[in-house]
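Trainee:
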Amino acid sequence: MHDIRYFVGAMRSPEFHRRKFQSIVEGLIFQHEQWSGQTVELEIGSIPDDLPIHVKIALYRILQEALSNAYRHADTDKQWVKIWADDHDIYVVVYDKGRGFEPPPLDGPQATEHEAHIGLRGMRDRVAILDGEFKLFSSPGKGTRIEVKVPIHG
Numbered sequence: 442m443h444d445i446r447y448f449v450g451a452m453r454s455p456e457f458h459r460r461k462f463q464s465i466v467e468g469l470i471f472q473h474e475q476w477s478g479q480t481v482e483l484e485i486g487s488i489p490d491d492l493p494i495h496v497k498i499a500l501y502r503i504l505q506e507a508l509s510n511a512y513r514h515a516d517t518d519k520q521w522v523k524i525w526a527d528d529h530d531i532y533v534v535v536y537d538k539g540r541g542f543e544p545p546p547l548d549g550p551q552a553t554e555h556e557a558h559i560g561l562r563g564m565r566d567r568v569a570i571l572d573g574e575f576k577l578f579s580s581p582g583k584g585t586r587i588e589v590k591v592p593i594h595g
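When the letters of the sequence shown are read in order and numbered with the numbering used here, they come out as residues 442 to 595.
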């Protein structure tokens with residue numbers, strides 16, 4: 442029953458049009474911690490109040506996928522999230538010190554289309570739509586780090 446409540450809550454819109462991005466992120470992290478039993482350490486800087494809704498949604502979904510991936514695959518009980526903005530871009534970094542893996546190529550002729558990597562491709566594609574940058578760092582035994590940079594006005 443606990444999993445069903447989480448799933449229903451995760452699919453419900455967090456009122457992107459009305460809430461500030463920081464509040465949305467804090468809600469997602471609280472929900473993730475309650476469902477997974479993991480600890481997420483959040484460091485969030487000043488984020489513009491007028492962040493466009495399509496940027497909020499894309500970053501929310503990327504963060505949701507990154508947290509979920511670490512829960513399912515990293516074999517760790519803690520994750521870190523850092524979010525900040527400068528005059529032009531917003532940055533999101535999610536990392537863990539878990540099991541890590543050998544990342545598949547996500548771009549170019551060797552890019553993976555394997556079903557197991559659909560979440561990574563989805564994050565990459567959301568960032569590309571916003572004309573941003575997506576970076577994935579991982580290696581076995583060294584944890585995983587995802588870095589996202591997108592223009593504030595997408």
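Glycine is no exception: its CB is placed at the ideal position from the N, C-alpha and C atoms. The model shown is predicted, which means the values in this text are computed figures rather than measured ones.
(1) Give, in chain order, every unbroken run of the alpha helix (DSSP H) that is at least 4 residues long and sits entirely within the stretch 460–538.
(2) Measuring alpha carbon to alpha carbon, tell me which residue in A511, P544, F542 and D491 is nearest P592.
(3) Check for me: the beta strand (DSSP E) holding I587 runs from which residue to which?
(4) How about T585 and D516: are their beta carbons less than 7 angstroms apart?
(5) Give me the Cα-Cα distance between I587 and R562, rounded to the nearest whole angstrom.
(6) Using the Cα positions of A569 and P545, report the straight-line distance between them to the nearest angstrom.
(7) Would you give the residue range spanned by the alpha helix (DSSP H) that L561 belongs to?
(8) State the Cα-Cα distance for the pair L577 and R459, rounded to the nearest angstrom.
(9) Examine the Cβ distances between the stretch 518–529 and the stretch 473–489 and report whether three or more of them are shorter than 8 angstroms.
(10) Using 10 angstroms around the beta-carbon of R513, count the other beta-carbons present and answer buried if the total reaches 16, otherwise exposed.
(11) Rounded to whole angstroms, what's the CA-CA distance from P493 to F471? Just pull it up for me.
(12) So A526 and S487 are supposed to be a Cβ contact under 8 angstroms. How far apart are they, rounded?
(13) Taking buried to mean at least 16 other C-beta atoms within 10 Å of its own C-beta, is H473 buried or exposed?
Mentor: Looking at the coordinates:
(1) 462–477 and 494–514
(2) Counting from one through the sequence shown, the residue named residue 592 turns up at place 151. Considering only alpha carbons, the answer is D491.
(3) As a first step, residue 587 is located in the sequence shown; it is residue number 146 there, counting from the start. Note, I587: beta strand (DSSP E), T585 to P592.
(4) Translated into positions along the sequence shown, residue 585 becomes position 144. Translated into positions along the sequence shown, residue 516 becomes position 75. The answer is no: Cβ separation not under 7 angstroms.
(5) As a position in the sequence shown, residue 587 is number 146, starting the count at 1. As a position in the sequence shown, residue 562 is number 121, starting the count at 1. The straight-line gap from Cα to Cα measures roughly 12 angstroms.
(6) Locating residue 569 in the sequence shown gives position 128, counting from the first residue. Locating residue 545 in the sequence shown gives position 104, counting from the first residue. Cα to Cα, A569 sits roughly 17 angstroms from P545.
(7) Counted from its first residue, the sequence shown places residue 561 at position 120. L561 -> alpha helix (DSSP H) spans I559 to I570.
(8) Translated into the one-based positions of the sequence shown, residue 577 becomes position 136. Translated into the one-based positions of the sequence shown, residue 459 becomes position 18. Taking the straight line from one Cα to the other gives about 31 angstroms.
(9) yes
(10) As a working mapping, residue 513 is identified with position 72 in the sequence shown. Looking at its Cβ environment, which holds fewer than 16 other Cβ atoms inside 10 Å, R513 is exposed.
(11) Within the sequence shown, numbered from 1, the residue matching residue 493 stands at position 52. Within the sequence shown, numbered from 1, the residue matching residue 471 stands at position 30. Taking the straight line from one Cα to the other gives about 23 angstroms.
(12) For the purposes of this step, residue 526 is taken as residue 85 along the sequence shown, with counting starting at 1. For the purposes of this step, residue 487 is taken as residue 46 along the sequence shown, with counting starting at 1. With 8 angstroms as the limit, A526 and S487 qualify as a contact, their Cβ atoms being about 7 angstroms apart.
(13) In the sequence shown, residue 473 corresponds to position 32, counting from 1. Classification of H473: buried, given that the 10 Å Cβ count is 16 or more.
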